[in-house]
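Working notes for the structure below.
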Amino acid sequence: MTKHFLRTGSLLCKRIFFNYTTSARRMAPVPPKKYDYLVIGAGSGGIASVRRAGEFGIKGAVIEKGALGGTCVNVGCVPKKVMFNTAMLAEQLHDHSDYGFNTELKSFDWSVIKKSRDAYIKRLNGIYGNNLNKSNVDAIHGEAKFVDSKVVEVGGDRYTADHILIAVGGYPTIPNIPGSQHGITSDGFFELETLPKKCVVVGAGYIAVELAGILNALGSETHLLIRRNEVLRTFDEMVSQLLTEEIIKSGIHLHKQTQASKVEKKSEDLLTITTNEGVIDDVDCLIWAVGREPNTAKLGLDTTGVKTDSKGHVIVDDYQNTNVPGIYAVGDVIGKALLTPVAIAAGRRLAHRLFNNESDLKLSYDNIATVVFSHPIIGTVGLTEAEAKEKYGEDKLKIYRSAFTPMYHSVTQRKVKAFVKLICLLPDEKVLGIHTMGPGCDEAMQGFAVAVKMGATKRDLDETVAIHPTSSEELVTLR
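In structure tokens, the structure reads:
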């Protein structure tokens, strides 16, 4: 009996030990998959950086929870420009009779351009995917979260790399007022199935100005609510003043020194907006365009020690380094120069520095050109007049200005102002800033930005023979 018990007990212990060790082996944590370069965010900056790294023989991966291409491709620059082009066609229809064409506009079908635009974006998503494959970059779909300083988890799987880039971008802000959930953001604008009959856009920045201009040109009764007296207040004062005038002249209902305090849903489709200046009724579309916030709240940065500012933007140095070695950040997530080409340029330079032995390469954030697709268009590069005065003193500057009517409008009843402004530093009149408004200034600004970047002077512009007749020739003929 005793022998039988000992034998049985021994077998039982062996079985328990075997089962325990087998289970332990089965439950042992799987080591994270290792890459040379791991990028969080498949927007413009992230994809540009990881693909450039691939050219140097680096094995990389990019993590993205949404569609490839990020904000710019899906709900930003690209679809916005399609809608801007649509609005420009609508504006030009008013000029056809002045040029001798007998035309009649019978209707506008929002659904047609939305279908074409969405199909175009879908093609771009596919192109981005194909390009990643060509660059030998793994695309990992899901939401990334740091679980250690160099370990990222996505849907239960873990990844690591010696170099990790944070390029998660940002998202539109929705104000904290009663009923704000009844409004949409710029993201929601691209989901609209029909043209709103009466729309309220809240904000004074470039997104607000662009969306208001599009809706107004296409026939929506458009109200633009701004907190101060002018739009684009961070731009040169001439840009801000003249564009504000043109917005009013275009038919947009501009509500100055106005802030929304409450939004109420009065029926299935209509809203009432209460402001400090009164009430706006029967609104079928409310768009918040009051800023953007970085996508860092759910990223688990607290586990890494990466420092952020009070708004959640990742803090970096001139070389895109965070305070944690081996972790970097580019694009909107750093809260600096929120422009797609900036993210691309910074991401590519980072790849060159990390993987191609170009240790001193970095992006200069000075003299970055930008365009606002307002009505009319704004193009600008360099310092504003206020910035130049603060940096050098008013007595060290010489300002050149010219306001004119573009030739296109010389024969039309509809008139749109154009202007150019040149800010120069004495004594050699080095060009510190160029600010323009009017048709074609978006295309012209790219070339003038090169000149400013190279340190051009007023004399260099004077020595350049004008292209005539164009609006851009004003910049090389200023007196």
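If you're matching positions, the sequence shown starts at 1 in the working numbering and goes up one per residue.
Virtual Cβ for every residue (Gly too), placed ideally from N, Cα, C.
Under the three-state reduction of DSSP, N130 is assigned to helix. Counting along the chain, I63 sits inside no alpha helix (DSSP H); it lies in the beta strand (DSSP E) bounded by residues 60–64. Rounded to whole angstroms, the Cβ separation of V465 and S49 is 40 Å, and the two are not in contact under 8 Å.
A residue is called buried once 16 or more other Cβ atoms fall within 10 Å of its Cβ, and Y99, having fewer, is exposed. Judged by beta-carbon spacing, V202 lies beyond the 8 Å limit of I280, meaning their Cβ atoms are not closer than that value.
With a cutoff of 8 Å on beta-carbon distance, V420 and E474 are scored as near each other. Assigned with DSSP and collapsed to three states, L218 falls in coil, not helix or strand.
E390 is positioned such that its CB atom lies no closer than 8 Å to that of E237. Around the C-beta of V62, 16 or more other C-beta atoms lie within 10 Å, and the residue is accordingly described as buried.
Counting C-beta pairs with one atom in each stretch, the region 207–217 and the region 354–374 have three or more that are closer than 8 Å, which means they touch. Straight-line measurement puts the Cα of H141 at about 39 Å from the Cα of K453. With distances taken between CA atoms, E429 lies nearest to G455 out of K115, K417, G455, K415. Rounded to the nearest whole angstrom, the C-alpha separation of L339 and D332 is 7 Å. Residue ranges of uninterrupted alpha helix (DSSP H) with 4 or more members, entirely inside the region 140–209 and ordered along the chain, are 186–189.
Taking C-beta atoms as the reference points, N136 and G54 count as a pair closer than 8 Å.
Where E390 is concerned, the enclosing alpha helix (DSSP H) starts and stops at 385–392. The shortest C-alpha to C-alpha distance from A351 to any of H163, G66, R158 is the one to H163. Inclusion of K256 and N229 in the CB contact set at 8 Å is warranted, their separation being smaller than that value. Taking the Cα of F108 as reference, the smallest distance to any Cα among Y120, K81, T194 is reached at T194. Excluding its 5 nearest sequence neighbours in each direction, A289 has C-beta neighbours in its own chain below 8 Å: P172, T185, S186, V201, V202, G203, G205, I207, A208, L211, listed in chain order. Residue burial annotation: S267 is exposed, with fewer than 16 other C-beta atoms found within 10 angstroms of its C-beta. Within a 10 Å sphere around the beta-carbon of R292 sit 16 or more other beta-carbons, which makes this residue buried. Counting only the Cα atoms, E246 lies some 23 Å from L478. At a Cβ-Cβ threshold of 8 Å, L243 and M437 count as neighbours. The C-alpha of K311 lies about 10 Å from the C-alpha of N295. N357 and F56 have their C-alpha atoms spaced approximately 10 Å apart. Contact annotation: I423 and L397 have beta-carbon atoms nearer than 8 Å. Non-local C-beta neighbours of E64 in its own chain, meaning closer than 6 Å and more than five positions away in sequence, comprise A42, ordered along the chain. Note that the C-beta distance between S472 and G440 is below 8 Å. For G54, the enclosing alpha helix (DSSP H) has its first and last residue at 44–54.
Counting of Cβ neighbours within 10 angstroms places M407 among the exposed residues, the total staying below 16.
Note that the C-beta distance between V342 and I368 is below 8 Å. Sixteen is the threshold: when 16 or more other Cβ atoms of the shown chains lie within 10 Å of the Cβ of N74, as they do, the residue is buried.
Here the alpha carbons of H435 and E443 stand approximately 13 Å from one another. When C-alpha distances from K336 are compared across S261, L215, S364, the shortest belongs to S364. Boundaries of the beta strand (DSSP E) around K398: 397–404.
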